[in-house]
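Trainee: Those letters in the sequence shown? Residues 77 to 378, per our numbering, in order.
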Amino acid sequence: MRIVRRLQYVVAKLQCEKIRLHDADLERLDFLSKELSLIAPYLAEPLASEFSKILAGIRVGGTYKTTGRGRLQATERVICDYYADRLRHPLNFLDLGGSDGTTTLDAVRVFRRKLCVDVKACLLDLHPWLLRYCRGPVTEYRSRFEEPILVRIGKWGLRLNDGSDDALAQKYLQMAWFRRWLKRGGEVKLVNPLVQRDSSITVHAGNCFYREPAFEGRFDVVRVSNLLNLSYFPKPEIRTAIGHLHNYLVEDGLLVISRNDQREETEVECGSLWEKSGERFRHLEDFGGGSEIKSLVEKYPA
Ligand SMILES: C[S@@+](CC[C@H](N)C(=O)[O-])C[C@H]1O[C@@H](n2cnc3c(N)ncnc32)[C@H](O)[C@@H]1O
């Protein structure tokens, strides 16, 4: 009887401590990268979608890596509508916080098809890879700034940063001696293999709150989706990022900022489009009710 109760206790503990069976199999990302380089592009789409799905459950530095094919179609539509009048070749496109680049690739394909332009895209993301630390059966994944993300033994993974007061994760993190004993074992790329092999997309590890001097006046279109959300960052930081975006655009270049809201069963894109006009941004269009940070963009440079 005591053994059964003990077992019940352990199972309940495992469930509430968020130990999960393979729900964030980061090694599978490596496998998919290799697999995808071997097969024909038209067979690759389902594996590329699986790559993005694995990423959706991963949180790094307070934001999720969630992304997926076709989720930013409204942003692509407004960009095409307004870019057609100011067509420049090639179209230099910056996708800020583009995660694994799936949406960057979507945008590149849509721009090529609808605008008949060459596209040079830059995907800037704070976390394009994770670090791997291993010893025997244990693998721990950390961000490039050493934030612990997940530890795995065989099929069992324990999230180390899901924001809850997870006692088991805390106990593991307190084992500093053990964690020091783990050895660096390379990196896990978080960029979708389909994106890695598209030569029109370059991936840049960077932070939207730090100015990139090489980006000054370089982009015709900048998109920021599901990153500059009021729930993620305080207003002064968002204002700083808006200043950098202004600096990165050419005169009359387009800026689109959006957020996907879950409304019952469907995701709705809520965003706005502006053009750079001298020192300011000029509002062009809203979709899905507009961007939640619209007033911050329109008050810029104040
Ligand atoms: C929710 S995903 C959005 C992905 C994509 N834009 C979309 O809408 O499908 C947010 C991305 O922003 C990145 N990110 C978080 N903080 C960032 C920062 N300060 N600078 C640049 N990228 C950042 C994350 O690594 C993550 O890939």
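Backbone N, C-alpha and C fix where the C-beta goes; we use that ideal spot for every residue, glycine too.
(1) Taking the alpha-carbon positions, what's the S276 to V193 distance?
(2) Suppose you measure from the CA of T114 to the CA of T178; what does that come to, to the nearest Å?
(3) Check whether the region 267–276 touches the region 144–151, taking contact to mean three or more Cβ pairs, one atom from each stretch, closer than 8 Å.
(4) If you draw a straight line from the C-alpha of R208 to the C-alpha of R153, how long is it?
(5) So the candidates are R255, Y159, G319; which of them puts its Cα closest to the Cα of Y217?
(6) For L372, which of E361, R220, F357, E222 has the nearest alpha-carbon?
(7) Would you decide whether G365 is buried or exposed? Buried here means 16 or more other CB atoms lie within 10 Å of its CB.
(8) Can you check DSSP and say which residues form a bridge with A197?
(9) State the Cα-Cα distance for the pair R315 and G230, rounded to the nearest angstrom.
(10) Counting only the same chain and skipping the five closest in sequence on each side, list residues whose C-beta sits under 7 Å from that of K370.
(11) Is the CB-CB distance between L172 and V300 below 7 Å?
(12) With DSSP run on the structure shown, which of helix, strand or coil describes V154?
(13) When the distance is taken between beta carbons, is F295 closer than 7 Å to L105?
(14) Under a Cβ-count criterion, where at least 16 other Cβ atoms within 10 Å of its own Cβ denotes burial, should Y159 be classed as buried or exposed?
(15) Would you kindly work out how many angstroms separate the C-alpha atoms of K352 and L325, rounded to a whole number?
(16) Taking R211 and L258 to be in contact with their CB atoms under 8 Å, please state how far apart those CB atoms are, rounded to whole angstroms.
(17) Using CA coordinates, which residue listed in L131, R287, D337 is at the minimum distance from E368?
(18) My output table needs one value for F357: the three-state DSSP class, helix, strand or coil.
(19) Could you check whether P166 and V279 sit closer than 7 Å to each other, using their CB atoms as the reference points?
(20) From the DSSP output, read off the bridge partner residues of K265.
(21) Identify whether I75 lies in helix, strand or coil by the three-state DSSP scheme.
(22) Spatial neighbours of R188 within its chain, please: C-beta separation below 7 Å, excluding the five flanking residues on both sides.
(23) In angstroms, rounded to a whole number, what distance separates the CA positions of H359 and V136?
Mentor: In short, the structure shows the following:
(1) Sequence index remark: in the sequence shown, residue 276 carries index 200 (1-based). Sequence index remark: in the sequence shown, residue 193 carries index 117 (1-based). Computed Cα separation, rounded: 12 Å.
(2) Locating residue 114 in the sequence shown gives position 38, counting from the first residue. Locating residue 178 in the sequence shown gives position 102, counting from the first residue. The identity of residue 114 in the sequence shown is Leu, whereas the question assumes Thr. When rounded, the distance between both Cα atoms is 19 Å.
(3) The count of Cβ pairs closer than 8 Å, one atom from the region 267–276 and one from the region 144–151, stays below three, leaving the stretches out of contact.
(4) On the sequence shown, residue 208 is found 132 positions in, with the first residue counted as 1. On the sequence shown, residue 153 is found 77 positions in, with the first residue counted as 1. Annotation: R208 to R153 spans about 39 Å, alpha carbon to alpha carbon.
(5) Within the sequence shown, numbered from 1, the residue matching residue 217 stands at position 141. For the set R255, Y159, G319, the Cα lying nearest the Cα of Y217 is the one of R255.
(6) Sequence index remark: in the sequence shown, residue 372 carries index 296 (1-based). Nearest to L372 by alpha-carbon distance, out of E361, R220, F357, E222, is F357.
(7) As a working mapping, residue 365 is identified with position 289 in the sequence shown. Around the beta-carbon of G365, fewer than 16 other beta-carbon atoms lie within 10 Å, marking it exposed.
(8) The count along the sequence shown starts at 1 and reaches residue 197 at position 121. Among the bridge pairs identified by DSSP, A197 is matched with F169, I277.
(9) On the sequence shown, residue 315 is found 239 positions in, with the first residue counted as 1. On the sequence shown, residue 230 is found 154 positions in, with the first residue counted as 1. The alpha-carbon of R315 is positioned some 44 Å away from that of G230.
(10) Translated into positions along the sequence shown, residue 370 becomes position 294. Closer than 7 Å at the Cβ level, and outside the excluded window around K370, lie S348.
(11) Stepping through the sequence shown from its first residue, residue 172 is reached at position 96. Stepping through the sequence shown from its first residue, residue 300 is reached at position 224. Yes.
(12) Counted from its first residue, the sequence shown places residue 154 at position 78. It is helical.
(13) Position 29 of the sequence shown, counted from the first residue, corresponds to residue 105. Position 219 of the sequence shown, counted from the first residue, corresponds to residue 295. No, the pair does not count as a contact, with Cβ atoms beyond the cut-off.
(14) Start at 1 with the first residue of the sequence shown, and residue 159 comes out as number 83. Y159 comes out buried.
(15) Here residue 352 refers to the residue found at position 276 of the sequence shown. Here residue 325 refers to the residue found at position 249 of the sequence shown. Distance between the alpha carbons of K352 and L325 is about 7 Å.
(16) For the purposes of this step, residue 211 is taken as residue 135 along the sequence shown, with counting starting at 1. For the purposes of this step, residue 258 is taken as residue 182 along the sequence shown, with counting starting at 1. About 5 Å separates the beta carbons of R211 and L258, which is inside the 8 Å limit, making them a contact pair.
(17) Here the question's residue 368 lines up with position 292 in the sequence shown. Comparing Cα-Cα distances from E368 to each of L131, R287, D337, the minimum goes to D337.
(18) Taking the sequence shown and counting its residues from 1, one reaches residue 357 at position 281. Per DSSP, reduced to three states, the secondary structure at F357 is strand.
(19) On the sequence shown, position 203 is the one that residue 279 refers to. On the sequence shown, position 90 is the one that residue 166 refers to. Going by C-beta atoms, V279 is not nearer than 7 Å to P166.
(20) Within the sequence shown, the letter at position 189 stands for residue 265. In the DSSP assignment, K265 is bridged to W205.
(21) For the chain, the structure presents residues 77 to 378; residue 75 sits outside this window and is missing.
(22) Mapped onto the sequence shown, residue 188 falls at position 112. Within the same chain, R188 has close Cβ partners V195.
(23) Position 283 of the sequence shown, counted from the first residue, corresponds to residue 359. Position 60 of the sequence shown, counted from the first residue, corresponds to residue 136. Taking the straight line from one Cα to the other gives about 32 Å.
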